[in-house]
Every structure is written in structure tokens, then in C-alpha cells.
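In what follows, a structure is listed as C-alpha cells, so that the remarks can point back to it.
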Amino acid sequence: VPVVTPTPVPTGDVTITVEDENGKPVDGVIVEIVVPDSEPFTGTTDENGNVSFEDVPVGEDYVVNVAPPANSGVTTPTTTPTIDVVVGNNEETITLPLVKTDVTISLTDGTNPLANGTFVVTQEGGSEVATGTTTEDGTVVIKNLVPGTYVITESAAPEGYDKADSKTIVVNPDGTVSIGGTVDADKTVEFVNTLTPPTTGDVNVTVTDENGTPVPGTVVEIDVPGAGPFTGTTGDDGTVEIPGLPVGGPY
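In this text, residue positions in the sequence shown follow my numbering: the first is 33, and each later residue adds one.
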């Protein structure tokens, strides 16, 4: 009986590199090459984002499943990658999208929402990544922040209000948001504006005689150092309003 020797299946070696969308290698990713009529080829990326497989049968459009580790800051791709394998060495790169998170900025006067507060979001190192202005409900949503540390600064307050102090937040690799070291379930950063103190004021002066009778026609002069005298003349009721005096005193 003739001995039939099976024709060897041609194979190739495969090296897959897994990186994030910024080109940074991702280690600890489980990579599985699905080969029809064969056990899957499975391995885990090293610190350089590489994983290698030997003797993978030659073929086209093999599905590659990837499972990044928890808290890696990346997620699975929206489209399942595939590879072709030819005889010899095969090198493929798979790019995983970064985890992206939306953060809400809330601005109030302590009670009521405030519109028209403008905020700038900068990443650690000073790179500006987003700006936004609050609407009538006092909020603005900053979309698609990737893991990292951010400073949120109010660049312009609503008219009549002082700007709030800046706040630092951390978008964690799992997509949660920490504010002041504590994870905020709502991913909302709250700011409060206070009314701008007035810089000037109006003064009403009443002049009477010792019997309490109004004295019209009296020239009243208030001396404000560095701003000159502010003057006015009493009317028939003995009063005069002197506007625009700088806040301070005593004058």
C-alpha cells in the first residue's frame, strides 16, 4: 500500500504590535488570532506592545481579537481587526482607541445657575484641549477627555461676577473622574461665582441748621485723597447727592 505523505501546510511567523492612538505601546493585551480548522493562537503583549506567534498557517482575513487589561486607558477597537499571513515573517500593528470621557462644568452663584461663564481646559503641561461657555442651565459639557490630569480655569465670568479659582481633575484610565482625590460619580466639576464688589458709591448729604431746618445752596465738598474733591450743592430740601466716590474712607 503506497504511503501518502500529507503536504505540509505553509506557515508564517507573526509579530503583532499593539499601541494606543498616540503611538504608545500597550502591554498586557491578550491577542488571539482565529484560524479556521485550528486552535486559536493566543499570546499577551510585552512592555513594548509586542506579541509573536510561530507557524501560523498561511491565509487571509484572520480575525484578531484583542482584550486590553483593566485600567490600561484603552478600549477595544470599534472594528474587529484582521490580518493576512504569508510565508515568512509578518508584522502587523493594531491601534486601540483611548478611553474617552465627557465632563460637565457647573456654574452657579451658590444657588442659581449662571450662563456666560467661559472655561478653558488645559492638560498637564499646559496644552489647551478645550473651551466652553455655560448656557442658561449653568452647565457646559467638555467631551472626549482622554486619561490624564487637567486644569479647568474660568477665563471669563458672567458680567458682574468675579471669576472662580481654577480646579484640577484627573480622568482615570477606567474613564472615571477624580476631583480633589475623590471619584465623582456624576463627572461634574462645580464652580461658584460671587458678585463683584462695587468700586464706587453714591453719597447723600443733608445739611440743616441747629433747628433741623434744611439749608439750601450749601456747597458740599468731600476730599478723596488721590482722586480730588467731589462737590455738590444742596437743593431746597437741604440735600445733595454726590455720585461716584471710590469705595473706602473715611473721607
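For every residue, glycine included, the Cβ atom is placed at its ideal position computed from N, Cα and C.
Remember, predicted model here, so these are calculated numbers, not experimental data.
Item checked: Whole-Å CB distance - Val98 paired with Val61, under 8 Å assumed -> The residue labelled residue 98 in the question sits at position 66 within the sequence shown. The residue labelled residue 61 in the question sits at position 29 within the sequence shown. 6 Å between Cβ atoms; contact.
Notebook entry, point to check: Smallest Cα separation from Lys132: which of Pro179, Asn225 and Val252?
Noted result: Reading the sequence shown from its first residue, position 100 is the one you call residue 132. With distances taken between Cα atoms, Lys132 lies closest to Pro179.
Check: Hey, which unbroken runs of the beta strand (DSSP E) at 3 residues or more fall wholly within the region 117-193?
Finding: Whole beta strand (DSSP E) segments, 3+ residues: 120-128, 133-140, 150-155, 159-165, 171-177 and 180-188.
Next item on the list: Would you kindly work out how many angstroms separate the C-alpha atoms of Val96 and Ser70, rounded to a whole number?
Entry: Start at 1 with the first residue of the sequence shown, and residue 96 comes out as number 64. Start at 1 with the first residue of the sequence shown, and residue 70 comes out as number 38. Cα to Cα, Val96 sits roughly 14 Å from Ser70.
Notebook entry, point to check: Can you round the beta-carbon distance between Thr166 and Val172 to whole angstroms, since I take them to be within the 8 Å contact cut?
Noted result: In the sequence shown, the residue the question calls residue 166 occupies position 134. In the sequence shown, the residue the question calls residue 172 occupies position 140. Between the beta-carbon of Thr166 and that of Val172 there is about 5 Å, and that keeps the pair under the 8 Å contact cut.
Check: DSSP three-state call for Val251: helix, strand or coil?
Finding: Position 219 of the sequence shown, counted from the start, is the residue given in the question as residue 251. In the three-state DSSP reduction, Val251 falls in the strand class (E or B).
Notebook entry, point to check: Tell me which same chain residues have a C-beta within less than 8 Å of the C-beta of Thr136, skipping the five on either side of it?
Noted result: Residue mapping note: residue 136 aligns to position 104 of the sequence shown, counting from 1. Hits under 8 Å: Thr171, Val172, Val173, Ile174, Asp218, Lys219, Thr220 and Val221.
Check: So is Asn121 buried or exposed if we call it buried at 16+ other beta carbons inside 10 Å?
Finding: Along the sequence shown, one-based indexing puts residue 121 at 89. By the neighbour-count rule (16 or more Cβ atoms within 10 Å), Asn121 is not buried but exposed.
Margin query: With a threshold of 8 Å, are at least 3 pairs of Cβ atoms found where one atom belongs to the region 39-54 and the other to the region 71-90?
Written below: With a cut-off of 8 Å, the region 71-90 and the region 39-54 count as touching, because enough Cβ pairs lie within range.
Notebook entry, point to check: Ala189: buried (16+ other C-beta within 10 angstroms of its C-beta) or exposed?
Noted result: In the sequence shown, the residue the question calls residue 189 occupies position 157. Residue burial is scored here from C-beta neighbours: Ala189 has at least 16 other C-beta atoms within 10 angstroms and is therefore classed as buried.
Note to self: Classify Asp52: buried if its beta carbon has 16 or more other beta carbons within 10 angstroms, exposed otherwise.
What the structure shows: As a first step, residue 52 is located in the sequence shown; it is residue number 20 there, counting from the start. Buried, since its Cβ has 16 or more Cβ neighbours within 10 Å.
Check: If you drop the 5 nearest sequence neighbours on each side, which residues of the same chain put their C-beta closer than 8 Å to that of Asp268?
Finding: Your numbering for residue 268 matches position 236 in the sequence shown. Closer than 8 Å at the Cβ level, and outside the excluded window around Asp268, lie Pro246 and Pro248.
Notebook entry, point to check: Three or more C-beta pairs closer than 8 Å, one from the region 191-207 and one from the region 230-239: is that the case here?
Noted result: Contact between the region 191-207 and the region 230-239 is not established, with fewer than three Cβ pairs separated by less than 8 Å.
Note to self: My assumption, with CB atoms under 8 Å, is that Leu139 sits in contact with Phe223. Please give the rounded CB distance.
What the structure shows: Here the question's residue 139 lines up with position 107 in the sequence shown. Here the question's residue 223 lines up with position 191 in the sequence shown. In this structure Leu139 touches Phe223 by the C-beta definition: roughly 5 Å separates them, less than 8 Å.
Margin query: Tell me which residue opens and which closes the beta strand (DSSP E) that Tyr283 is part of.
Written below: The count along the sequence shown starts at 1 and reaches residue 283 at position 251. Per DSSP, Tyr283 lies in no beta strand (DSSP E) and is assigned neither H nor E.
Next item on the list: Tell me, please, whether the CB atom of Glu64 is closer than 8 Å to any CB atom in chain D?
Entry: Annotation note: the requested chain D is absent from the structure, which comprises a single protein chain.
Checklist line | Reference Thr238; option with closest CA among Val63, Thr266 and Val88 | finding: Working through the sequence shown from its first residue, we reach residue 238 at position 206. Thr238 has its Cα closest to that of Thr266, out of Val63, Thr266 and Val88.
Note to self: In this structure, how does DSSP classify Asp59 when only helix, strand and coil are distinguished?
What the structure shows: In the sequence shown, residue 59 corresponds to position 27, counting from 1. Asp59 falls in the coil class under three-state DSSP.
Next item on the list: Return the chain-ordered list of same chain residues with a C-beta closer than 8 Å to the C-beta of Val279, the five sequence neighbours on each side being excluded.
Entry: Position 247 of the sequence shown, counted from the first residue, corresponds to residue 279. In its chain, beyond the 5 residues on either side, Pro229, Pro230, Thr231, Thr232 and Gly233 have a beta carbon closer than 8 Å to the beta carbon of Val279.
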